[in-house]
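Asker: Take 1316 as the starting number for the sequence shown in this note's numbering and just add one per residue.
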Amino acid sequence: MASIIGLPNYILSTSIFNHPVGLKGDWLCKLFTGYFWLFFFLETSVFLLVYIAFERRKAILFPLNNQNNEGSNLKVVIIFLLVILAFTIEVPTINGLMYDVKNNNVGNFCKYKYSFTQSIFIYLAVLTMDSIIPAIIILFCYYQITSSLKKSCLFLKSRNLYDIQSTNTNKTSSILGSKFKTIGTLKIVNIVFFACIVPNNLFYFLYHAGFRDLHWTSNVFQIGMLVRFSNVCINPFIYSIRSNQFKKNFWFVYYSRIRSKSNYELKL
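What follows is the structure, given as structure tokens:
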């Protein structure tokens, strides 16, 4: 959704768009050209990433409990609550944006009506909610998963000394291999997450610290924005590429299409 909305949002935020003025301009800034939807989907993506990290942690640390996992209805409720939380974080954005083409600091047409102190306070609150706390939780889950797998490896090595040919041992090795692949995926997701969020937050902080060249419409700031928004699109690709089931289905569809095309050409 962020990808679909992103391009129209950028186009409508440039000078080629005849932006409405007055009250209509204020509402368009609040609901679209002020980048509300992009940031809303970004917050939602971050919270879903945290939820996935929790699910991975539970599956590896408590495999027996995970077999009796909660129903799909509870998961839907959790996801719904995360969406509500993301919307709540963006409420100050809706409330604070207004049309002002002369003093714009969000795109070419909008600005925040907050004072400098209010802007800093809101920024720090949002930064804590959508970056710092999620980063701490994700790193904590990663640490616990890694520690658990290291203990499992030590146990497996000691067991192999006594029962090398055991079927259960081979099965355990296979399960551990799958878990290590999971932690490898989580490591990649963590690295990408930090690589995407750090530049934008750094540029925003430097702008408020007095580096006025790093304003919203500057090339450097926009690159940081694009890198951050790209995190919404990158994560699904990471999980897909690392999934054996996805790769199996992909190649099945690919070769099926080739065979269908070959059969069609033979008939011609």
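Glycine included, each C-beta is placed from N, C-alpha and C at the ideal position.
As a quick exercise: from C1548, T1532 and Y1519, pick the residue whose alpha carbon is nearest that of F1508.
Answerer: C1548
Asker: Give me the Cβ distance between Y1457 and L1501, rounded to the nearest whole Å; I'm assuming they're in contact under 8 Å.
Answerer: 6 Å
Asker: Do I1399 and E1358 have their beta-carbon atoms positioned less than 8 Å apart in this structure?
Answerer: no
Asker: Assign K1428 to one of three DSSP states: helix, strand, or coil.
Answerer: coil
Asker: Would you tell me roughly how many angstroms separate the C-alpha atoms of I1367 and N1550, rounded to the nearest one?
Answerer: 11 Å
Asker: Can you give me the C-alpha to C-alpha distance between R1372 and L1364, rounded to a whole angstrom?
Answerer: Spanning the two alpha carbons is a distance of roughly 12 Å.
Asker: From G1349 to A1440, what does the alpha carbon distance come to, in whole angstroms?
Answerer: 19 Å
Asker: What are the residues that DSSP puts in a beta bridge with M1413?
Answerer: K1426
Asker: Would you kindly check if the distance between the Cβ of K1345 and the Cβ of I1437 is under 8 Å?
Answerer: no
Asker: Y1427 and L1412: beta carbons closer than 8 Å?
Answerer: In this structure, Y1427 places its C-beta atom within 8 Å of the C-beta atom of L1412.
Asker: Below 8 Å on the Cβ atoms is my guess for F1518 versus F1536; work out the distance and round it to an integer in Å.
Answerer: About 5 Å separates the beta carbon of F1518 from that of F1536, a gap short enough to meet the 8 Å contact definition.
Asker: In whole angstroms, what separates the C-alpha of V1416 from that of N1516?
Answerer: 24 Å
Asker: Within 10 angstroms of its Cβ, does T1445 collect 16 or more other Cβ (buried), or is it exposed?
Answerer: The question names Thr, but residue 1445 is Asp in the sequence shown. Taking all protein chains in view, the Cβ of D1445 is crowded by 16 or more other Cβ atoms within 10 Å, so the residue is classified as buried.
Asker: Using DSSP's beta-bridge definition, name the partner residues of V1421.
Answerer: C1425
Asker: Nearest CA to the CA of N1418: which residue from L1454, T1532 and A1510?
Answerer: T1532
Asker: Less than 8 Å between the C-beta atoms of C1362 and L1397, yes or no?
Answerer: In the sequence under discussion, the amino acid at residue 1362 is Phe, which differs from the Cys named in the question. For F1362 and L1397, yes; Cβs fall inside 8 Å.
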